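Taken in order, the sequence shown gives residues 1 to 534; the numbers are from full-length UniProt numbering.
Glycine included, C-beta positions come from ideal geometry on N, C-alpha and C.
Everything numeric in this text was worked out from a predicted model, so none of it was measured.
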Amino acid sequence: MDELLIRGALVVDGSGAPPFEADVTIGAGHISAVDRPGTLCGRRTIAADGLVLSPGFVDMHAHSDLLLLTDHRHTAKVAQGVTTEVIGQDGLSYAPVDDRTLRSLRTQLAGWNGDPPGFDWNWRGVGEYLARLDRGIAVNAAYLVPHGALRMLCVGSENRPASRTELARMRHELARGMSEGAFGMSSGLTYAPGMYATTSELVTLCEVVAEYGGYHCPHHRSYGAGALAGYEEMIRISRQSGCALHLAHATVNFEVNRGRAPELLAMLDEGLDSGVGITMDSYPYLAGCTSLHALLPSWMFGGGVEATLRRLSDPDSRRRVLREMEFEGSDGAHGVPIDWSAIEINGVRHPDRTGHLVGRDIATAAEAEGVPPGKLYLDTLLADELGSSCLMHVGHEENVRAVMRHRMHTVGSDGLLLGERPHPRGWGTFPRYLARYVRELGLLDLPECIRHMTSTPALRLGLSDRGLVRRGMVADLVLFDPEEIRDNATFERPRAQPSGISHVMVNGVPVLVNGKRNDATPGRALRRGVGAIA
Numbered sequence: 001m002d003e004l005l006i007r008g009a010l011v012v013d014g015s016g017a018p019p020f021e022a023d024v025t026i027g028a029g030h031i032s033a034v035d036r037p038g039t040l041c042g043r044r045t046i047a048a049d050g051l052v053l054s055p056g057f058v059d060m061h062a063h064s065d066l067l068l069l070t071d072h073r074h075t076a077k078v079a080q081g082v083t084t085e086v087i088g089q090d091g092l093s094y095a096p097v098d099d100r101t102l103r104s105l106r107t108q109l110a111g112w113n114g115d116p117p118g119f120d121w122n123w124r125g126v127g128e129y130l131a132r133l134d135r136g137i138a139v140n141a142a143y144l145v146p147h148g149a150l151r152m153l154c155v156g157s158e159n160r161p162a163s164r165t166e167l168a169r170m171r172h173e174l175a176r177g178m179s180e181g182a183f184g185m186s187s188g189l190t191y192a193p194g195m196y197a198t199t200s201e202l203v204t205l206c207e208v209v210a211e212y213g214g215y216h217c218p219h220h221r222s223y224g225a226g227a228l229a230g231y232e233e234m235i236r237i238s239r240q241s242g243c244a245l246h247l248a249h250a251t252v253n254f255e256v257n258r259g260r261a262p263e264l265l266a267m268l269d270e271g272l273d274s275g276v277g278i279t280m281d282s283y284p285y286l287a288g289c290t291s292l293h294a295l296l297p298s299w300m301f302g303g304g305v306e307a308t309l310r311r312l313s314d315p316d317s318r319r320r321v322l323r324e325m326e327f328e329g330s331d332g333a334h335g336v337p338i339d340w341s342a343i344e345i346n347g348v349r350h351p352d353r354t355g356h357l358v359g360r361d362i363a364t365a366a367e368a369e370g371v372p373p374g375k376l377y378l379d380t381l382l383a384d385e386l387g388s389s390c391l392m393h394v395g396h397e398e399n400v401r402a403v404m405r406h407r408m409h410t411v412g413s414d415g416l417l418l419g420e421r422p423h424p425r426g427w428g429t430f431p432r433y434l435a436r437y438v439r440e441l442g443l444l445d446l447p448e449c450i451r452h453m454t455s456t457p458a459l460r461l462g463l464s465d466r467g468l469v470r471r472g473m474v475a476d477l478v479l480f481d482p483e484e485i486r487d488n489a490t491f492e493r494p495r496a497q498p499s500g501i502s503h504v505m506v507n508g509v510p511v512l513v514n515g516k517r518n519d520a521t522p523g524r525a526l527r528r529g530v531g532a533i534a
């Protein structure tokens, strides 16, 4: 007799096929049977009348690189039904590194992931980091080798092309990370030092990723004035290198791109029709979120963190920065002159210095303090040692809706989970799709939306035993009420747990039971080329 019976569920199996009623049994971490209601038995039973059983959701763009290790409950994702996260995003994470690179990354990424005091940084390579995850985490994790960290390790933080020797070392380190289980390479081309890479550098590195059957996940060079040109460059890199492409937080933001999503989707369809392997992810919100310092022009980051902090104190550098940001549009701010009223500070590193700014946009805060907004911005970066994060209110609903309907769309929360007021997408992305865009608006039907969250990302990752409710598949599963599921997280209450999700299982182990998180940590590092856990 199997360990667990889920009795009488409405199965939405992840394939996009119509729902069907079934009993499902689970044993040894896998789905052992799917059959007609009333035909199966188990030692324990979950009565699922009126509930949907689906594969566990895959967050294709997550920033839980440290949170998986420091917050073992990880309720933000578990309570949404997420059973796998793809981390190492935007070209910036913590492996591979050496001591010097790790110090710089810890400062640079404090606004994303924090810098926990007393934390044991006991890894340097990708394999060592994955082994650390294998000790037990809330959900499964798939890792991308971050191009920016790779460049910092092999080239440094200078604004220049990589030499032939440096590029060869980058290829070697990338191949090593891929051989140790990474699923591909991410790049952050509006973040230093990844933004200093040439197209040819990215092509050369993507050739390595292609040799291992991985994919390239870029945060491309602009989501604003140069958005469509940025997407075109990424498709060209994939075509030249033979590497599959997954477009991170695929959207077209800022006023210059209002209504231009159809142009993006036509470009993607042309690439797909020509044989380029393209997928993408998006989140169902209008605001973006990133480090506050990411809006600076790229030249501010040359030489590393200490050089950036020195320039923030230099009057000539400050004048040049503000001229570019306010009148020309810096590359860090996506080529669009900055609208300070659209930039809201939502997290800080030093609350005693800058905590009073949390929840306020820069224009309003500056007016209250009687200073120009640009001055407040630069002073905040300096006082917070680059550790602030921000919301960017720059999206358009019509673009969001158009992107989510594309056949190669998947879901990525892009959620930064730290800070006083994190973006609600960290707690609400997946239930928001099901509540707002399936039940309320009917923009997607339920089987199609579930496919976007499950089997399509599993196919991109090459996970042959996940993403479907089928006999023999790993039991990453979600049980939810389709009439009650709802995202409750808001910008004012960003950590509110969603409603309507009753049970979540990771590798066959319940981690959410009757809507409550338990202490189980059955998640592990997944590895490219291995269907189940290595």
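Next on the checklist: At the level of alpha carbons, what is the spacing between residue 623 and R524?
Outcome noted: The shown model of the chain, from 1 to 534, leaves out residue 623, and the question about it has no answer.
Item to check | Backbone CA spacing between V24 and D35 [nearest angstrom] | outcome: Within the sequence shown, the letter at position 24 stands for residue 24. Within the sequence shown, the letter at position 35 stands for residue 35. Using only the alpha carbons, I get a separation of about 7 Å.
Checklist entry - The alpha helix (DSSP H) with F430 in it runs from where to where? => result The residue labelled residue 430 in the question sits at position 430 within the sequence shown. Where F430 is concerned, the enclosing alpha helix (DSSP H) starts and stops at R425 to R432.
Next on the checklist: With three or more C-beta pairs closer than 8 Å as the rule, is the segment 505 to 519 touching the segment 434 to 441?
Outcome noted: Verdict: no, contact absent.
Checklist entry - Taking only runs of the beta strand (DSSP E) that begin and end inside the segment 44 to 77, which ones reach a length of at least 3 residues, in chain order? => result You should have 52 to 55 and 57 to 59.
Checklist entry - Cα separation between M195 and W299? => result In the sequence shown, counting from the first residue as 1, residue 195 sits at position 195. In the sequence shown, counting from the first residue as 1, residue 299 sits at position 299. Distance between the alpha carbons of M195 and W299 is about 10 Å.
Checklist entry - Can you list the alpha helix (DSSP H) stretches of 4 or more residues lying completely in the segment 303 to 340, in chain order? => result Whole alpha helix (DSSP H) segments, 4+ residues: 305 to 313 and 315 to 323.
Next on the checklist: Comparing C-alpha positions only, which one of I501, P510, V82 and P422 sits nearest to R493?
Outcome noted: Along the sequence shown, one-based indexing puts residue 493 at 493. Scanning I501, P510, V82 and P422 for the CA closest to the CA of R493 turns up P422.
Next on the checklist: For E207 and E201, what's the separation of their Cα atoms in angstroms?
Outcome noted: For the purposes of this step, residue 207 is taken as residue 207 along the sequence shown, with counting starting at 1. For the purposes of this step, residue 201 is taken as residue 201 along the sequence shown, with counting starting at 1. Looking at the backbone, the Cα of E207 and that of E201 are separated by about 10 Å.
Next on the checklist: Let's test the definition: count the other Cβ atoms within 10 Å of the Cβ of K375 and tell me whether it reaches 16, buried, or not, exposed.
Outcome noted: Walking along the sequence shown from the start, residue 375 turns up at place 375. K375 comes out exposed.
Checklist entry - Hey, is the segment 59 to 69 in contact with the segment 478 to 498, meaning 3+ C-beta pairs nearer than 8 Å? => result No: the two stretches stay apart, fewer than three of their Cβ pairs being nearer than 8 Å.
Checklist entry - Helix, strand or coil: which one does DSSP assign to R421? => result Against the sequence shown, residue 421 aligns to sequence position 421. Note: R421 maps to coil in three-state DSSP.
Item to check | Buried versus exposed call for E306 [16 or more other C-beta atoms within 10 Å across all chains shown] | outcome: Here residue 306 refers to the residue found at position 306 of the sequence shown. Exposed is the call here.
Item to check | Where S502 sits in the DSSP three-state scheme | outcome: By one-based count along the sequence shown, residue 502 stands at place 502. In the three-state reduction of the DSSP assignment, S502 falls in the strand class, which pools E and B.
Item to check | For I237, the first and last residue of its enclosing beta strand (DSSP E) | outcome: The sequence position of residue 237 within the sequence shown is 237, counting from 1. No beta strand (DSSP E) contains I237, which is instead part of the alpha helix (DSSP H) from A227 to S241.
Checklist entry - Would A76 pass as a contact of G426 if the rule is Cβ separation under 8 Å? => result Here the question's residue 76 lines up with position 76 in the sequence shown. Here the question's residue 426 lines up with position 426 in the sequence shown. In this structure, A76 places its C-beta atom within 8 Å of the C-beta atom of G426.
Item to check | Where the alpha helix (DSSP H) through I345 begins and ends | outcome: Within the sequence shown, the letter at position 345 stands for residue 345. Judged by DSSP secondary structure, I345 falls outside any alpha helix (DSSP H) and instead within the beta strand (DSSP E) spanning I343 to G347.
Checklist entry - How is the beta strand (DSSP E) around M185 delimited, first residue to last? => result Translated into the one-based positions of the sequence shown, residue 185 becomes position 185. Here the beta strand (DSSP E) through M185 covers G184 to G188.
Checklist entry - Where do the N-terminal and C-terminal ends of the beta strand (DSSP E) with S389 fall, by residue? => result Within the sequence shown, numbered from 1, the residue matching residue 389 stands at position 389. Bounds of the beta strand (DSSP E) holding S389 are S389 to H393.
Checklist entry - If you follow the alpha helix (DSSP H) that I362 is part of, which residue opens it and which one closes it? => result Looking up residue 362 in the sequence shown gives position 362. Its alpha helix (DSSP H) spans residues I362 to E369.
Item to check | Exposure label - E398; buried when at least 16 CB within 10 Å | outcome: If you number the sequence shown from 1, residue 398 lands on position 398. Exposed.
Item to check | Cross-strand partners of R7 (DSSP beta bridge) | outcome: Position 7 of the sequence shown, counted from the first residue, corresponds to residue 7. Bridge partners of R7: A47.
Item to check | For A402, the first and last residue of its enclosing alpha helix (DSSP H) | outcome: As a working mapping, residue 402 is identified with position 402 in the sequence shown. Per DSSP, A402 is one residue of the alpha helix (DSSP H) stretching across E397 to M404.
Next on the checklist: Cutting at 6 Å between CB atoms, please list the residues of its own chain near T429, excluding the five before and the five after it.
Outcome noted: Position 429 of the sequence shown holds residue 429. The beta carbon of T429 sits closer than 6 Å to those of Y283 and S413, all from its chain and outside the five residues before and after it, given in chain order.
Item to check | Simplified DSSP assignment, three categories, for Y437 | outcome: Your numbering for residue 437 matches position 437 in the sequence shown. Of the three classes helix, strand and coil, the one that applies to Y437 here is helix, per DSSP.
Checklist entry - Does the distance from the C-beta atom of G188 to that of L92 stay below 8 Å? => result The count along the sequence shown starts at 1 and reaches residue 188 at position 188. The count along the sequence shown starts at 1 and reaches residue 92 at position 92. In this structure, G188 places its C-beta atom within 8 Å of the C-beta atom of L92.
Checklist entry - Where does A17 land, buried or exposed, given buried means 16+ other C-beta within 10 angstroms? => result Walking along the sequence shown from the start, residue 17 turns up at place 17. Residue environment for A17: exposed (fewer than 16 other C-beta atoms within 10 angstroms of its C-beta).
Item to check | Contact belief for G14 with R451 at Cβ below 8 Å, rounded distance in angstroms | outcome: Within the sequence shown, residue 14 is the residue found at index 14, counting from 1. Within the sequence shown, residue 451 is the residue found at index 451, counting from 1. Contact flag correct, Cβ pair sits at about 6 Å.
Checklist entry - Can you give the Cα-Cα distance for A294 and T190, rounded to whole angstroms? => result Residue mapping note: residue 294 aligns to position 294 of the sequence shown, counting from 1. Residue mapping note: residue 190 aligns to position 190 of the sequence shown, counting from 1. A294 and T190 have their C-alpha atoms spaced approximately 7 Å apart.
Next on the checklist: Per the DSSP calculation, S282 is bridged to which residue(s)?
Outcome noted: Counting from 1 along the sequence shown, the entry for residue 282 is found at position 282. According to DSSP, S282 bridges with V411.
Checklist entry - So, E232 versus M267, is the Cβ gap smaller than 8 Å? => result Against the sequence shown, residue 232 aligns to sequence position 232. Against the sequence shown, residue 267 aligns to sequence position 267. For the pair E232 and M267, the CB atoms are nearer than the 8 Å cut-off.
Next on the checklist: Suppose the cutoff is 7 Å on Cβ atoms and the five residues either side in sequence are ignored; what does the same chain contact list for V97 look like?
Outcome noted: Walking along the sequence shown from the start, residue 97 turns up at place 97. So the list reads L105, R124, A149 and L153, once near-sequence residues are dropped.
Checklist entry - How is I31 classed by DSSP in three states: helix, strand or coil? => result What you label residue 31 is simply residue 31 of the sequence shown in a count that begins at 1. For I31, the three-state secondary structure derived from DSSP is strand.
Item to check | C-beta contact flag for C243 and L144 at 8 Å | outcome: Counting from 1 along the sequence shown, the entry for residue 243 is found at position 243. Counting from 1 along the sequence shown, the entry for residue 144 is found at position 144. No, Cβ-Cβ distance for C243 and L144 is not below 8 Å.
Checklist entry - Does the Cβ-Cβ distance between V513 and P522 come in under 8 Å? => result Here residue 513 is taken as the residue at index 513 of the sequence shown, counted from 1. Here residue 522 is taken as the residue at index 522 of the sequence shown, counted from 1. Between V513 and P522, the C-beta gap is not smaller than 8 Å, which leaves the two residues out of contact.
Checklist entry - Who are the near neighbours of N257 in its chain, counting only those whose CB is closer than 6 Å to its CB and skipping five residues on each side? => result Within the sequence shown, numbered from 1, the residue matching residue 257 stands at position 257. Cβ neighbours of N257 beyond the five flanking positions: A227.
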